[in-house]
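**Q**
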Amino acid sequence: MVISSMSCQWSYTTQLNFMAVVDALIPSSVVTSNCGCTVQYGGVPLSIWEYLLMSIDSLPVPLTEETSQLLDLSAFHIYKKRYPLSFLIYHPHTSQALFSTLSRKDRLRAINLLEKLMVPSDSFPVPYKNNPIIVQIMIDSLYQLTFFGYYSEWFGYGETRIHSPAFSSLRTYPVSWAYTGYPGPSFGYRDFRGFLLKMKDLKQE
Amino acid sequence: MQKPDVIVIGAGGGGAVIAKELGELGLCVLVLEAGPWYGNKQWPHPNIEKGGFCSRSVADLDVSLFKESYNKLENNMNDQIAGKLRWGPANRENPPWNRNFQQRGFAWQNSGVGGSTQHYLANSPRAIPSAIERQWPLSYRELIPYYEKVEAELPVEFAPTTSKEELFYYGAKKAGWNLLSTLDVGSPGFRPQPNAILPPNENLLHPAYTEEQLSWMEGCTLAGHCINGCPHGPSVAKIAKRSTNVSYVPLALNTGKVEIRPNTFSYQVITENHPKEGIRATGVKVRNTWTGEKEELFADCIIIAAGAIETPRLWLNSSLPFNPWAGRGLVNHNMDMVTGVFNEIELLPILGTPAVNPFVGHTSGARLDYPGLGSIQIIGTSPGLMASFSYALGHSETKTFHQNSNENAFKTGRVIGKELIELMADYQTSLSILIVTDDEVDQKNNVSIVPATLDEHGAIPSIRYDPTRNTRRKKGKLVKIAADILFQAGARKVIHSHWPDGLMIHIMSTMRMGYVVDENCEALQVSRLFIADNSVLTNGLGGANPTLTTQALATRTAEKIYNKYF
C-alpha cells in the first residue's frame, strides 16, 4: 500500500478505517473465467478510500474524523457484545481505528448496525449524536461513493487525483473499466436499429 | 442593461424557456443563474476563475469550450459533491450548497445555465391526461397547444431503437403489453421515449465517416452520454441532447432582449405594499458566488424558476405572506430501480448480438406507462452510475438471491463484495429499469427552512418526504411489472434495488397551481410574482417526467405575463 502525500491531511487511524470500509465493500478478489484465474483489484489498491476521504471532507460540513469515530463506536459495540465480561471502555483516542481491527465480516456487521440504528447514538460525535437520519445518510454515502468511485474513471487520474477536480486529468487507464467492459467515453455507436414510432406518423393520424 | 422588464431567477428547465418567450415578445429580460455557464467565451474557465459578468449575445457561445467542459467522464461530470454537474457554486474547490434531509436520500440537481436539464435524460412525455383533468385548474386540452409548441421547438422525437430498447420491447410484448402509438396516454402500454434529442445523424451508418467526425455533425450519435452531459454537435445550438443551455438559451440570446448572468445567487425577493395591487414583487437581492458582492435588482415582474426546492426556500426566506401550501405537497415519483442480468446465449437470438451494452444509445429510450400507477423506464448509464444506482442505493438486506414463484432468481437490496464484482462483470449484459411512481400529494411532505442553519444565502432548505400507503402500493406493483418484463426477456437474475423514499430526482409540486399560484402561475398573494419551474405542478402528472409540462406551462405563463402587465 502506497500512501500518497495528500493522505497526510488525515490522521493515520482515520485512513485505516476508511481503507477498512472500502476493503469490506469491494475487496480484492480472484475472478475465474474461461481463461483461468485473475486477480481483480479491490477498492483499497485503487485508492478509493482516498476518494471517500476527499469527498466527505468536501461536504458543507467536513465529516471524516467524526465518521471514523462513528465506525469505531460500532466496532466497540460489537466487541462489547462479544466479550460482555471484559473490561472494555471506549475512549475516542485510545479506540481510534478500532473498526479496522475487525474481520471483514464484522466490519460489514458494524456498518449494518449503524444503518439499522442498533448502536446507542448518545455517545456519537456531533452531528451524529442522537441524529439517526444523518447516520443513515452517511452510511448510504459510504456505499454509494465507494461504488461510484471504484467503477468510474477516478483511479485513472493518477497523481492528479490529489488536485482540485478542476485540475485533474486522466493519466492512466481506469482499470475498473476493464472489469465491466466499459469502453470509456465515446463519440458514437452505430447500433441504430430504426424507429418503433415517429412523431410525424402520429401527426398524420 | 437598463432596468429590465422582467427578472427570471434560474436558467434551468423552466427559466430559459420563459426568458426566450418573453424576449420574443419584445420584453427586456434579465436571467439570474446561481451556477456556472459552460461553453461561453465570457467564462473560458468556468470552474477556475470568475470570468465575465454577463452574456447577451449568441456569438459568445463556443462549441469547442463546451466540448472541453462536457468531457463525458462520469466522475468529473456527475459526482454530486465536486462534479461539474452538481448543486453548488462554479468553483469546485468550494463545497456544494447545503440541504437538510429529514429522511434517507438526497436531491440530485444541477446548478448552472441549463440547470438540471444538463444531466437530464431529455425524456419529454406529456402528462397523463387523467392526472390533469379535474385535478388541475387547467384542462389537459388547454395544455396541448403549449405542449405542441415546446415539442416543435426542442424538438421532441421518439427515441431510436438500440439493443437495450429492443430487449425491453421484446420482454414487454412477451409479457402481454401493447404498443402505445400516442402522446396522450389513456391506457397502459409501452412505447419509445419521446425525447428532446435530435434524431440520429443521417450518416451514422455510413462507414466513410468516423465516429469523431460524426460527433461534430448534427444529430445524435447514440454515444450514450445523455446523463453525463451530451457534447455532440456542430455548434452549441445544435448539440444533440436538448438541455435548455443548448436549445432555449441560444434562442433567447437570438432575440437580443435577454441578458444572462451566471454565478449569481438570488436569496431574497423584494416586495412593496402597493395601494392598488397590494403586496407586489419589485426586485431581487442577489449575491455573486465568486466575489460575495451583494446587489439589489429591480424589474416590473419577477419570475422564480429556481426549482422545487429553492423556489419555496426563496419564498420562505423572503418572508412573503403565509400560505399553508407554500413548500408543501412535495412529490418525487417515489423512484426505485430494477436490474436484470442476461446470459449472452439468451441475448443472441433476440438481439443478434450477445450484449445489451447499456452505455449505447439514449440513456433512456423506452418506457411503459400505466395510468393510475405511474411508469417504468429503461436506463443505461456509465458503470459508476450503474453500480451506485442499481447496487449501492438500496437498503441492506440479509437475503441473497432466492427463487420466486416462477423459479427465477430475484433479490432485493444492496449488493456488495464478490456478488457486486460478479454483477458488474455482467455490466454489458445488464438492463436497468427505473420505477417512476404516480405518488400522491400529501401536505405533510414539504420543503421548509431551517432558521438555525444558515449558509451565505440564508436559512437552508429542509426536505421531508414520506410516501402514502397508496403510493407504496403503486410502487410495489410497478416493481413487479418491471421484474416480469425482464424475466420475460430472459433475465437469469433480477435485482430490485429498494431505494430510500427520499431519493429526489423528479422534485415537484411544492408551490402548487391552484394553491400557491393561480392558473397563470402568478402568486395568489403577491402580484407580479410568477413561478416557472416544477414546483407549480399541481401533482406528479401521473408518473410522467415533469420537464416538458413545466416548459409548456412556462410558455403559457409568458403569454399571460405579457398580456397582463405589458
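Order-wise, the sequence lines are chains A and B. Heads up, the first sequence is in our numbering, so the first residue is 1 and it goes up one at a time. Heads up, the second sequence is in our numbering, so the first residue is 1001 and it goes up one at a time. Here a beta-carbon is modelled for each residue, glycine too, at the ideal position from N, C-alpha and C. Everything numeric in this text was worked out from a predicted model, so none of it was measured.
1. Tell me which residues share the same chain as Asp122/A and place their Cβ nearer than 8 Å to its Cβ, disregarding the 5 neighbours each side in the sequence.
2. At what residue ranges does the segment 1241–1328 of chain B contain a whole run of the alpha helix (DSSP H), taking only runs of 4 or more?
3. Put Pro1145/B into one of helix, strand or coil per three-state DSSP.
4. For a test of the three-state rule: what should DSSP assign to Val39/A, helix, strand or coil?
5. By Cβ distance, which residues of its chain are closer than 7 Å to Gly156/A, with the 5 residues on each side in sequence left out?
6. What's the C-alpha gap between Ser55/A and Ile1081/B?
7. Is any beta-carbon of chain A found at less than 8 Å from that of Gly1490/B?
8. To test your reading of the DSSP string, which unbroken alpha helix (DSSP H) runs of 4 or more residues are found completely within the segment 1479–1553 of chain B?
9. Based on Cα-Cα distance, which residue from Arg1126/B, Ile1449/B and Ile1416/B lies nearest to Arg107/A?
10. Quick one, are the C-beta atoms of Asn1228/B and Met1077/B less than 8 Å apart?
11. Could you have a look at Asn131/A and say whether DSSP puts it in helix, strand or coil?
12. Along the chain, where does the alpha helix (DSSP H) containing Asp1336/B start, and where does it finish?
13. At a CB-CB cut-off below 7 Å, which residues of chain A make contact with Phe1359/B?
14. Pull up the distance between the alpha-carbon of Gly1010/B and that of Ile1260/B, whole angstroms please.
15. Using 8 Å for Cβ pairs, my map puts Ile78/A next to Arg109/A. What's the rounded Cβ distance?
16. How would you call Ala1059/B, buried or exposed, if buried means at least 16 neighbouring beta carbons within 10 angstroms?
17. Strictly by DSSP, which residues pair up with Asn1446/B?
18. Residue range of the beta strand (DSSP E) that Pro1192/B falls in?
19. Is any beta-carbon of chain B found at less than 8 Å from that of Met199/A?
20. Considering Lys1411/B, what are the terminal residues of the alpha helix (DSSP H) in which it resides?
21. Between which residues of its own chain and Glu1021/B is the CB-CB distance below 8 Å, once the five residues before and five after are set aside?
22. Could you give the distance in angstroms between the alpha-carbon of Ile1144/B and the alpha-carbon of Ser168/A?
23. State the Cα-Cα distance for the pair Val2/A and Tyr12/A, rounded to the nearest angstrom.
24. CB-CB under 7 Å to Asn1288/B, same chain, minus the five flanking residues each way: which ones, in chain order?
25. At the 8 Å Cβ level, is Arg1414/B part of the contact set with chain A, yes or no?
26. Going by CA-CA distance only, name the one from Gln1102/B, Phe1101/B and Ser1116/B that's closest to Trp1108/B.
27. What's the call for Val61/A, buried or exposed, on a 16-neighbour Cβ count within 10 Å?
28. Kindly indicate which residue of Trp154/A, Pro183/A and Pro132/A has the alpha-carbon position closest to the one of Phe1101/B.
29. May I have the straight-line CA-CA distance separating Ala1223/B from Ala1305/B, to the nearest angstrom?
30. Mind listing the chain A neighbours of Val1156/B? Cutoff is C-beta to C-beta under 8 Å, in chain order.
31. So, helix, strand or coil for Tyr83/A, using DSSP?
32. For chain B, check one thing: does any of its Cβ atoms lie closer than 8 Å to the Cβ of Val2/A?
33. Helix, strand or coil: which one does DSSP assign to Tyr1370/B?
34. Starting from Ala1196/B, find everything on chain A with Cβ-Cβ shorter than 9 Å and list it in chain order.
35. Hey, would you say Val1031/B sits closer than 8 Å to Asp1300/B, going by beta carbons?
**A** A quick look at the data gives this:
1. The residue labelled residue 122/A in the question sits at position 122 within the first sequence. The answer, listed in chain order, is Lys129 and Asn130.
2. 1248–1254 and 1307–1317
3. Residue 1145/B sits at position 145 when you count from the first residue of the second sequence. Looking at Pro1145/B - three-state DSSP - the assignment turns out to be helix.
4. Looking up residue 39/A in the first sequence gives position 39. Here Val39/A sits in strand by DSSP.
5. As a working note, residue 156/A is residue 156 in the first sequence. Closer than 7 Å at Cβ, skipping near neighbours: Leu170, Arg171, Thr172, Tyr173 and Pro174.
6. To locate residue 55/A, count along the first sequence from 1; it is residue 55. To locate residue 1081/B, count along the second sequence from 1; it is residue 81. One C-alpha to the other measures close to 7 Å.
7. By 1-based counting over the second sequence, the position of residue 1490/B is 490. Chain A, which has no Cβ nearer than 8 Å to the Cβ of Gly1490/B, makes this no.
8. none
9. For the purposes of this step, residue 107/A is identified with residue 107 of the first sequence, where counting begins at 1. Ranking the options by Cα distance to Arg107/A, first place goes to Ile1416/B.
10. Mapped onto the second sequence, residue 1228/B falls at position 228. Mapped onto the second sequence, residue 1077/B falls at position 77. Yes.
11. The residue given as residue 131/A occupies position 131 in the first sequence. The answer is coil: DSSP assigns Asn131/A none of H, G, I, E or B.
12. Within the second sequence, numbered from 1, the residue matching residue 1336/B stands at position 336. Run containing Asp1336/B: none in the alpha helix (DSSP H); it sits in the beta strand (DSSP E), Asp1336 to Val1341.
13. Reading the second sequence from its first residue, position 359 is the one you call residue 1359/B. Near Phe1359/B (Cβ distances below 7 Å), the residues of chain A are Tyr182.
14. To locate residue 1010/B, count along the second sequence from 1; it is residue 10. To locate residue 1260/B, count along the second sequence from 1; it is residue 260. For Gly1010/B and Ile1260/B, the distance between alpha carbons rounds to 10 Å.
15. In the first sequence, counting from the first residue as 1, residue 78/A sits at position 78. In the first sequence, counting from the first residue as 1, residue 109/A sits at position 109. Between Arg109/A and Ile78/A the Cβ distance is about 6 Å, and since that is below 8 Å, they are a contact.
16. Position 59 of the second sequence, counting from 1, holds the residue named residue 1059/B. Ala1059/B should be labelled exposed.
17. Translated into the one-based positions of the second sequence, residue 1446/B becomes position 446. Paired residues: Arg1328/B and Arg1464/B.
18. The residue labelled residue 1192/B in the question sits at position 192 within the second sequence. Gly1189 to Pro1192 is the extent of the beta strand (DSSP E) around Pro1192/B.
19. Position 199 of the first sequence holds residue 199/A. By this cut-off, Met199/A is an interface position.
20. Translated into the one-based positions of the second sequence, residue 1411/B becomes position 411. Careful: Lys1411/B lies outside any alpha helix (DSSP H), inside the beta strand (DSSP E) at Ala1409 to Thr1412.
21. Translated into positions along the second sequence, residue 1021/B becomes position 21. These residues qualify, in order along the chain: Ala1554, Thr1555, Ala1558 and Glu1559.
22. Numbered from its first residue, the second sequence carries residue 1144/B at position 144. Numbered from its first residue, the first sequence carries residue 168/A at position 168. Between Ile1144/B and Ser168/A, the C-alpha separation is close to 47 Å.
23. Locating residue 2/A in the first sequence gives position 2, where the first residue counts as 1. Locating residue 12/A in the first sequence gives position 12, where the first residue counts as 1. In this prediction, Val2/A has a pLDDT of 43, which is less than 50 and means its spatial position is unreliable; nothing more can be read from the coordinates.
24. To locate residue 1288/B, count along the second sequence from 1; it is residue 288. Asn1263 and Thr1264, listed in sequence order.
25. For the purposes of this step, residue 1414/B is taken as the residue at position 414 of the second sequence. Yes, Arg1414/B lies at the interface with chain A (some Cβ there is under 8 Å from its Cβ).
26. Position 108 of the second sequence, counting from 1, holds the residue named residue 1108/B. Ranking Gln1102/B, Phe1101/B and Ser1116/B by Cα distance to Trp1108/B puts Ser1116/B first.
27. Within the first sequence, numbered from 1, the residue matching residue 61/A stands at position 61. Its Cβ having fewer than 16 others within 10 Å, Val61/A is exposed.
28. Taking the first residue of the second sequence as position 1, residue 1101/B is located at position 101. Nearest of Trp154/A, Pro183/A and Pro132/A to Phe1101/B, Cα basis: Pro132/A.
29. Against the second sequence, residue 1223/B aligns to sequence position 223. Against the second sequence, residue 1305/B aligns to sequence position 305. So the alpha carbons of these two residues sit roughly 31 Å apart.
30. Your numbering for residue 1156/B matches position 156 in the second sequence. Met199, listed in chain order.
31. As a position in the first sequence, residue 83/A is number 83, starting the count at 1. If DSSP states are grouped into helix, strand and coil, Tyr83/A belongs with coil.
32. The count along the first sequence starts at 1 and reaches residue 2/A at position 2. Note that Val2/A scores a pLDDT of 43, beneath 50, so its modelled location is shaky; the value from the coordinates is reported in the next line. Chain B contact via Cβ: absent.
33. Counted from its first residue, the second sequence places residue 1370/B at position 370. The answer is strand: DSSP assigns Tyr1370/B an E or B state.
34. Reading the second sequence from its first residue, position 196 is the one you call residue 1196/B. Correct list: empty, because the minimum Cβ distance to chain A is about 12 Å.
35. Here residue 1031/B refers to the residue found at position 31 when the second sequence is read from its first residue. Here residue 1300/B refers to the residue found at position 300 when the second sequence is read from its first residue. No.
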